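Chain order of the listed sequences is A and B.
Just so we're aligned, residue 1 is where the first sequence starts under full-length UniProt numbering, counting upward by one.
Just so we're aligned, residue 1 is where the second sequence starts under full-length UniProt numbering, counting upward by one.
For every residue, glycine included, the Cβ atom is placed at its ideal position computed from N, Cα and C.
From a predicted model like this one, the values you see are computed outputs, not experimental measurements.
There are 2 protein chains.
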Amino acid sequence: MPRIAYFGPQGTFTEQAARALAHPDRDELVAADTVSAAVAAVRTGEADAACVPVENSVEGAVPATMDALATGEPVVAVAETVLPVRFSVLVRPGTRPAEIRTVTSHPHALAQVHDWLATHLPHAATVAATSTAAAAVAVRRGEYDAAVTAPVAVEHYPLDVLATNIADVADAATRFLLVRRPGSLPEPTGSDRTSIVAVTPDRVGALAEMLAELALRGINLTRIESRPTKERLGEYRFFLDLIGHVAEERVGDALAALRRRCLHVRFLGSYPTAERISTAVPAYAVDTEFRQAAEWLTAVRHGETG
Amino acid sequence: MPRIAYFGPQGTFTEQAARALAHPDRDELVAADTVSAAVAAVRTGEADAACVPVENSVEGAVPATMDALATGEPVVAVAETVLPVRFSVLVRPGTRPAEIRTVTSHPHALAQVHDWLATHLPHAATVAATSTAAAAVAVRRGEYDAAVTAPVAVEHYPLDVLATNIADVADAATRFLLVRRPGSLPEPTGSDRTSIVAVTPDRVGALAEMLAELALRGINLTRIESRPTKERLGEYRFFLDLIGHVAEERVGDALAALRRRCLHVRFLGSYPTAERISTAVPAYAVDTEFRQAAEWLTAVRHGETG
């Protein structure tokens, strides 16, 4: 049975994402203590895949994931899923709203339902927990009255749902990746994303040139983040998400160009986008154009006039 | 007495940063509940300046700050400071290490001293708090035995320092900005940083062109982050930190070019870098070259041959 490690504990948003990415009958889900432990389980072969959060529309990028993917034995993303960040409020069976004196959750979750709590439970004090799941455990134990959790938590703990689908920011969402050891790539679907990490030389214009290589081939970026490498001052590691699949000519050609230009390029996977997006490739950058141009060049090099 | 709002509560790293940025005798420090409340206090005139965290080498960018600066009435950064993320462990007077059964702090702080706790207090359970300062309060009240806090916390709470200067990652650091309402800019020092937010059109190459405008003028970037604007799909807001002062010709010229190219550019300030850096400006991009070229162009336009 394939094992999928996820950044746990049980009952968190990452478990919910892992369920969305797993085969319901075939895969076994295993909680890991940290993002890096989940990825390490894939590297050692203890797990076949890992589900990790990569970016949140409110909290930003997840540096622990970026660092875990950028260094160590290579792993590649084969799928992504996007979960709306909408919470449930869980209570012990029979608890009435008026009885709720304390609400617990991870500080990030408490921050994201701050307005809801002020409106619906104005007299309850908030208490921090190490995770949304730990909050559910504390309520189950009777330590606090209500827990703000991922919707999936109610499947693990015998608690009642006081409210669900709540969030101050209506469109908050988290994107998760399913990563595996390198092997065969997912087939291109026409709506794919490719993730890479590139380290550029410490020189004015190095990033501009890298992005020009992508732009000249009609490739759109969906994310860019810089992090210092910590190895050398002024040396940066860039995390790029771009639209397209490495099997496509323009993406492959661009990645090869980056490989020439950058100190280091790591391929982090080509995988279908969670929501289907239209990939408008300029006429000069479609696969047939690349192939015809290559044939023409070969002909010219063989002394034909083309 | 000038008032400086900071993301509180008292006794956190942001208070410590605010102290580093404030005039010790002249400024009054006022804690705000959130980053956006601290910035709002400047906008309303309730405070003269705000001290907010902008990026952490372990946790990454601080989206709350980025969002607070990117939208709403403009504010500009006039100074920055970088604090090493090194913690103290505070206990009630007389507590011996062997008596410590529980350690509390913000989950991020607990994560950043995980190894230290495993080595020095292996039998203590960890408990989440909403802030490092709230952890100190809970220890003071006798709820838990030890708190992991910013070093400044000991000045607010009658607790003893069991250990200080601890961190699993030796070089972890957080950068803070001091922001004010727009007015006169700090003088250029030769080691300055300029922060901007730019919204590009949804078009392949828009970012590459923007960075080319900077690179062609010999301007080095120290940070880039993308965030979706949430206003229109495919529209991104880029946060850029670059080396140089807007009063310098090359920086001013580049910002004017971005103003032409981007849907929106917001100037977030030019201020001295916390650590002095060498700004190697290419010969073609120094101020005198810009001025001589402008004079030459004027001459040519007046019918002189130059």
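Item: Can you grab the Cα-Cα spacing for the pair TYR144 (chain B) / LEU110 (chain A), in whole Å?; Value: 22 Å
Item: Using beta-carbon positions only, say whether GLY11 (chain A) and HIS156 (chain A) come within less than 8 Å of one another.; Value: yes
Item: Kindly say whether GLY11 (chain A), judged by its beta-carbon, lies nearer than 8 Å to any beta-carbon of chain E.; Value: In the structure shown, chain E does not exist; the protein chains are A and B.
Item: Of all the residues that make up the segment 82 to 113 of chain B, which are near chain A by a beta-carbon distance shorter than 8 Å?; Value: HIS106, PRO107, LEU110
Item: State yes or no: is the C-beta of ARG193 (chain B) within less than 8 Å of the C-beta of GLU80 (chain B)?; Value: yes
Item: Anyone know if the C-beta pair for SER184 (chain A) and GLY269 (chain A) falls short of 8 Å?; Value: no
Item: Return the residue from the list B:PRO24, B:ALA18, B:ARG26, B:HIS23 that minimises the CA-CA distance to ALA32 (chain B).; Value: B:ALA18
Item: Counting only beta-carbon atoms, is PRO63 (chain A) nearer than 8 Å to chain B?; Value: yes
Item: Measuring only between beta-carbons, confirm whether GLY72 (chain A) sits less than 8 Å from chain B.; Value: no
Item: Please name the residue, chosen from B:ALA136, B:LEU177, B:ALA173, B:VAL148, that lies closest to PRO158 (chain B) on a Cα-to-Cα basis.; Value: B:ALA136
Item: What does the Cβ neighbour count give for ASN56 (chain A), buried or exposed, with the cut at 16 atoms within 10 Å?; Value: buried
Item: Should the segment 69 to 89 of chain A be called in touch with the segment 156 to 176 of chain A, which here means at least 3 C-beta pairs below 8 Å?; Value: yes
Item: Between the segment 199 to 211 of chain B and the segment 199 to 214 of chain A, do at least 3 Cβ pairs fall closer than 8 Å?; Value: yes
Item: List the residues of chain B that ASN220 (chain A) touches, going by C-beta distances under 7 Å, in chain order.; Value: VAL204
Item: With DSSP run on the structure shown, which of helix, strand or coil describes ALA22 (chain B)?; Value: coil
Item: Using a beta-carbon distance below 8 Å, is VAL139 (chain B) in contact with chain A?; Value: no
Item: Name, going along the chain, the residues of the segment 48 to 63 of chain A whose beta-carbon falls closer than 9 Å to a beta-carbon of chain B.; Value: ASN56, SER57, VAL58, GLU59, GLY60, ALA61, VAL62, PRO63
Item: Mapping the DSSP letters down to three states, classify THR288 (chain A) as helix, strand or coil.; Value: helix
Item: Where does SER226 (chain A) sit, in a helix, a strand or coil, going by DSSP?; Value: strand
Item: Cα separation between ALA41 (chain A) and ARG180 (chain B)?; Value: 48 Å
Item: For my contact list, SER105 (chain B) and ALA68 (chain B) are in at a C-beta cut-off of 8 Å; report their separation, rounded to the angstrom.; Value: The Cβ separation is near 25 Å, so there is no contact.
Item: For the segment 184 to 212 of chain B, enumerate the residues whose C-beta is nearer than 7 Å to any C-beta of chain A, in chain order.; Value: VAL204, GLY205, LEU207, ALA208, LEU211, ALA212
Item: In this structure, how does DSSP classify VAL42 (chain B) when only helix, strand and coil are distinguished?; Value: helix
Item: Identify the residues that DSSP records as bridge partners of PHE238 (chain A): which are they?; Value: A:ALA198, A:SER226
Item: In chain order, what residues of the same chain lie with their CB nearer than 7 Å to the CB of CYS262 (chain B), ignoring the 5 residues before and after it?; Value: ALA198, VAL199, THR200, MET210
Item: Could you tell me the distance, in whole angstroms, from the CA atom of ARG238 (chain A) to the CA atom of ARG223 (chain A)?; Value: Looking at the sequence itself, residue 238 (chain A) is Phe, so the reference to Arg does not match. Those two C-alpha atoms are separated by around 10 Å.
Item: Taking DSSP as the reference, what is the three-state secondary structure of GLU143 (chain A)?; Value: coil
Item: Per the DSSP calculation, HIS123 (chain B) is bridged to which residue(s)?; Value: None, per the DSSP bridge assignment.
Item: Please tell me whether PRO272 (chain B) and THR174 (chain B) are closer than 8 Å, where the distance is taken between their beta carbons.; Value: no
Item: Helix, strand or coil for THR174 (chain A) per DSSP?; Value: strand
Item: Mind listing the chain B neighbours of ALA215 (chain A)? Cutoff is C-beta to C-beta under 7 Å, in chain order.; Value: VAL204, GLY205, ALA208
Item: Using the Cβ count rule (16 or more neighbours within 10 Å means buried), how would you classify PRO2 (chain A)?; Value: exposed
Item: Taking the alpha helix (DSSP H) that HIS108 (chain A) falls in, what are its first and last residues?; Value: 107 to 112
Item: Compute the Euclidean distance between the alpha carbons of HIS120 (chain A) and LEU178 (chain B), then round it to the nearest angstrom.; Value: 36 Å
Item: Compute the distance between the beta-carbons of THR132 (chain A) and ALA150 (chain A), then report whether it is under 8 Å.; Value: yes
Item: Which word fits SER278 (chain B), buried or exposed, when buried means at least 16 other C-beta atoms lie within 10 angstroms of its C-beta?; Value: exposed
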